[in-house]
Amino acid sequence: MHRTLGALLMMCGIGSAFALDVPMSMAQTIATKGTTQGVPACVACHGAKGEGNGAAGFPRLAGLGQSYLLEQLNAFAASTRQNAVMQPIAKALTDAQRQAMAAFFSALPSTVTAARVPEASHADTGAWLATRGRWTDGLPACIQCHGPAGLGVGESFPPLAGQPAAYIAGQLRGWKHGLRPPGPLTLMVLIADKLSDAEISALADYFASLPTAGSRRPKTEGAKP
């Protein structure tokens, strides 16, 4: 498993991303084997390529912004973002190790690619809120910040396409109930407060359903285009 990660990093020519403070080997060891202080291997939950585990609700980390990932690890360590699994893990990592892990997963190839999204129907609550919003309530469309098809924009607005529905819903409820830092301009708190539980579930299901590169099946020989 660790050879797979190493090969991915070498193919992408991203070893230099770890030259600032910590060696790539430290991050790769933690990701694949954990630490002697009891931190488990990241890949056990987040996948050998950082692709996540949709069935278990563990999010995709590969290709997310480095500063975004570091901000989340620091928030877990400081208990300003709450999660029973990630808080003790982040607290057990040193500052340098958290920096290394953020750089490591950010550098892995993302599976998110552009996909054609069907026109939203008002009857489809998740698709409608994601692409149109609800301006009568001051609720913007999710894609205005997170990009067309939920592909993400910059460091502060990560991709949502293909992330597990349970994870997305959990984060929205976390903002709604003060379990996550408010983020840029407290935007997500303001948005989550305007969503009902049913709307949160609908949005989570919508973004989870959007295809990513890893979720597309290759065409079989003789199949129609």
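Read left to right, the sequence shown gives residues 882 to 1106 (our numbering).
Glycine included, every Cβ here is placed at the ideal spot set by N, Cα and C.
Burial state of residue i (16 or more Cβ within 10 Å)
| i | result |
| --- | --- |
| Leu1066 | exposed |
| Thr917 | exposed |
| Trp1056 | buried |
| Ala888 | Model confidence at Ala888 stands at a pLDDT of 48, short of 50, so the residue's coordinates are unreliable; what they give is reported in the following sentence. It is exposed - the Cβ of Ala888 has fewer than 16 other Cβ atoms within 10 Å. |
| Gln953 | buried |
| Ser906 | exposed |
| Pro969 | exposed |
| Ala936 | exposed |
| Ala943 | buried |
| Gly1035 | exposed |
Pairwise C-alpha distance: residue j and residue i
| i | j | result |
| --- | --- | --- |
| Cys1023 | Gln909 | 34 Å |
| Ala981 | Cys923 | 13 Å |
| Ala822 | Pro904 | A query on residue 822 cannot be resolved here, the shown segment of the chain reaching from 882 to 1106 and no further. |
| His927 | Pro940 | 7 Å |
| Gly1051 | Asn964 | 10 Å |
| Ala1030 | Lys1075 | 22 Å |
| Asp1078 | Gly1007 | 12 Å |
| Ala1001 | Ala1011 | 9 Å |
| Ala869 | Arg1015 | In the structure as shown, the chain starts at 882 and stops at 1106, and residue 869 therefore has no counterpart that could be examined. |
| Leu1071 | Gly1064 | 11 Å |
| Phe957 | Leu1032 | 24 Å |
| Ala1047 | Ala977 | 30 Å |
| Gly915 | Tyr949 | 22 Å |
| Gly931 | Arg1013 | 31 Å |
| Ile1081 | Leu1053 | 7 Å |
| Leu1060 | Cys1026 | 21 Å |
Backbone secondary structure at residue i - three-state DSSP
| i | result |
| --- | --- |
| Val1070 | helix |
| Asn964 | coil |
| Val924 | helix |
| Leu950 | helix |
| Leu1020 | strand |
| Arg1061 | coil |
| Arg1054 | helix |
| Arg941 | coil |
| Arg1013 | coil |
| Asp1086 | helix |
6 Å CB neighbourhood of residue i in its chain, flanking five on each side removed
| i | result |
| --- | --- |
| Ile1049 | Ala1085 and Phe1088 |
| Ile1003 | Per the sequence presented here, residue 1003 reads as His, with Ile not at that position. Taken in chain order, the residues that qualify are Trp1009. |
Within-8 Å CB hit, residue i to chain D
| i | result |
| --- | --- |
| Leu942 | This model lacks chain D altogether, as it is built from one protein chain only. |
Neighbourhood of residue i by C-beta, 8 Å cutoff - its chain only, sequence neighbours within 5 removed
| i | result |
| --- | --- |
| Asn934 | Cys926, His927, Gly928 and Pro1045 |
Sequence-distant residues of the same chain with beta carbon closer than 7 Å to residue i, five excluded per side
| i | result |
| --- | --- |
| Leu951 | Arg979, Gln980 and Ala983 |
| Thr1039 | Here the sequence assigns Pro to residue 1039, which means Thr is not the residue at that position. For Pro1039, where only same-chain residues beyond five positions count, the Cβ hits under 7 Å are Leu945, Gly946, Tyr949 and Gly1033. |
| Met967 | Phe957 |
| Pro1062 | Ala956, Thr961 and Arg962 |
Count the CB pairs spanning the region 1069–1089 and the region 1039–1051 that are closer than 8 Å, and state whether there are at least three.
In short, these stretches touch, since the Cβ pair count reaches three.
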